[in-house]
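Each remark here refers to the structure printed beneath this line.
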Amino acid sequence: MSTSPSAGPYLDDEIRQRIERCPKLASLQSINRKLAGLVNSEQSYTSQIAEIIRRDPSLTSRLLRMVNSVYFGLSAKVNNIEEAVLYLGLRQIRELSMATPVIEDMEKISPSALKLPWREMWQHSIGTAIMTREILATTNLLVDDDTDYIIGLLHNVGKVVLATAWPHEFERIVGLNHQDPEAVCAVERELVGWDHAAIGGYYLEKHQLAPEIVEAIRNHAHPSLAGDHRIFAAAVQVADLVVRKAGIASGFERLPEMEAGAWMQVEGWGILFNENEREASLAQAAIENTMARLPSMLSGMV
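FYI, in our numbering the residues of the sequence shown are 2 to 303.
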C-alpha cells in the first residue's frame, strides 16, 4: 500500500529521506534467534536456556527483575536464572527475549535532548504486544509465529522516528492537549505531512519486515485500510486503547481519561468479531483479566 501524499510543510521525498537517515534497529533482523530456537524446541532444558540468557546481561537483569516483581509476589528473592526460567515459563521468556533488544535499540535512537517519559513509552509498547497476542488468541486467526507480538511491540516506532527526525515538531505535538488518538495523528500530519503510523510503516518497510507487520502498523488507526492484514491492524488498535485504559499511557500525548469499553466502539473491534457475540465475550473476559495484571507485570519488565 502506498503512503498518501504529504499534506504538511514537508514534501514526501524529504519525509522519506529523513526517515531513511534514522538509525536502523539492528535487533529486527535477528530477534535473539538462538534463544528463540531453544525455547521452541521440545528437547530444550532449563539449563540450556539459562546459559544463553546468562550471556546477555540486559536480558538477565530484566528476567530477574520481572520474577522478583509484585506480579509474582514471591516471599523469597530469586537470584538464580534457572529458577527464574521455571517461574516465568517459556512463553514469557520468549517475549522478553524479543522485547529486550528492540526496546534497547529504540532507546539508542530516541533523542535524549527531548526530556520525555520514554520509560512509559516502552511499557506501553510491551503492554500492547502482550494485549495484541491475548486479543488475537480469542479469534479464529491462527498465528504460529511471533507476528502478533512484534506488531504490538513496534506499533509506535513511528513516534520514535518522528522525535528523532523532527524533534521541534514533535515537541510541539506532545505539548498540546488532544481530544483522542486520531486528533494526535491529525496534528502530526499538519506539522510534518505524515502521521506516526505512516512514518512507522515506511521505516519498517525499509527494514524489509514482512508485509503483515508493515501494513498493520501503517494502518493501525484505520484497520480496514490494511487489506489482507486488517485483522492484525484491528487487534493493535484495540490493544492500544486497552493498555491506555489500564493506566499505561504511551508516555507523550495529553489525552483525556478513556471510558471503560471504549475499545468496543472502534473500527477494529467490529473487524475482529463482526457481531460474533461468543468471541466478543471471550475477548472481553481475556482483556479484563490481562488488564488487571498488566501494570504489575510491566513494572518488572521495564
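Each residue gets a CB set at the ideal place from its N, CA and C atoms; glycine is no exception.
For residue i, which option in the options has the closest C-alpha, if you only look at C-alpha atoms?
i	options	result
Glu172	Val193, Thr133 and Asn80	Val193
Ser300	Gln124, Cys23, Ile20 and Glu278	Gln124
Ala187	Tyr204, Glu206, Ala222 and Lys109	Ala222
Arg17	Ala166, Arg95, Gln93 and Ala85	Ala166
Gly271	Pro224, Gly248 and Met298	Pro224
Glu96	Lys116, Glu15 and Ser126	Ser126
Ala85	Glu276, Met67 and Pro24	Met67
Arg92	Asp145, Glu108, Asp229 and Leu117	Asp145
Pro58	Ser251, Pro102, Arg22 and Gly90	Pro102
Asn275	Ile174, Glu289, Ser28 and Asn141	Asn141
Ser251	Pro10, Leu117 and Leu89	Leu117
Leu143	Phe233, Glu278 and Glu15	Phe233
Ala261	Asp13, Glu289 and Gln49	Glu289
Tyr11	His230, Glu216, Glu189 and Arg231	Glu189
Among residues of its own chain, excluding the 5 on either side of residue i, which ones have a beta-carbon nearer than 8 Å to its beta-carbon?
i	result
Ile82	Ala51, Ile54, Arg55, Thr61, Leu64 and Leu65
Val1	Shown here, the chain extends from 2 to 303; a query on residue 1 therefore has no answer.
Ile20	Val162, Ala166, Ile200, Tyr203, Tyr204 and Lys207
Asn69	Leu75, Lys78, Val79 and Gly301
Ala263	Leu242 and Lys246
Pro168	Pro112, Ala114 and Leu115
Ser28	Pro102, Val103, Glu105 and Asp106
Would you kindly check if the distance between the Cβ of residue j and the Cβ of residue i is under 8 Å?
i	j	result
His197	Leu163	yes
Ala138	Gly153	no
His179	Ile218	no
Asp106	Leu26	yes
Leu256	Asp181	yes
Ile151	Ile94	no
Glu254	Val185	yes
Ala293	Gly269	no
Going along the chain, which residues of its own chain have a beta-carbon closer than 6 Å to the beta-carbon of residue i, five neighbours each way excluded?
i	result
Leu283	Thr139
Ile104	Trp123
Lys246	Met259
Ala287	Glu135 and Thr139
Ile249	Gln124, His125 and Gly128
Pro24	Ile110
Contact check, residue i vs residue j under 8 Å by CB: the rounded distance?
i	j	result
Ile220	Ala227	Per the sequence shown, the amino acid found at residue 220 is Asn instead of Ile. Yes, they are in contact, since the Cβ atoms of Asn220 and Ala227 sit about 4 Å apart, within 8 Å.
Val161	Ser111	5 Å
Thr291	Glu121	No, Thr291 and Glu121 are not in contact; Cβ-Cβ is about 18 Å, not under 8 Å.
Leu295	Val244	7 Å
Ignore the nearest five residues each way along the sequence and tell me which others in residue i's own chain have a CB closer than 7 Å to its CB.
i	result
Glu170	Leu192 and Val193
Asp147	Met99
Report yes if the C-beta of residue i is less than 7 Å from at least one heavy atom of the ligand NAD; otherwise report no.
i	result
Arg56	Among the components modelled here there is no ligand, and therefore nothing to report on the ligand NAD.
* For the region 180–239, which segments carrying the alpha helix (DSSP H) assignment without a break, of at least 4 residues, lie completely within its bounds, in sequence order? -> Secondary structure remark: continuous alpha helix (DSSP H) runs of at least 4 residues inside the region 180–239, in chain order: 182–192, 197–207 and 212–219.
* Which ranges does the alpha helix (DSSP H) cover as unbroken runs of at least 4 residues, wholly within the region 261–294, from first to last along the chain? -> Secondary structure within the region 261–294: the alpha helix (DSSP H) runs of 4 or more consecutive residues, fully enclosed, are 268–274 (chain order).
* Mind pulling the alpha helix (DSSP H) runs of 4 or more residues that sit fully within the region 40–128? -> As far as the region 40–128 is concerned, its whole alpha helix (DSSP H) runs of at least 4 residues are 47–55, 58–68, 82–89 and 91–110.
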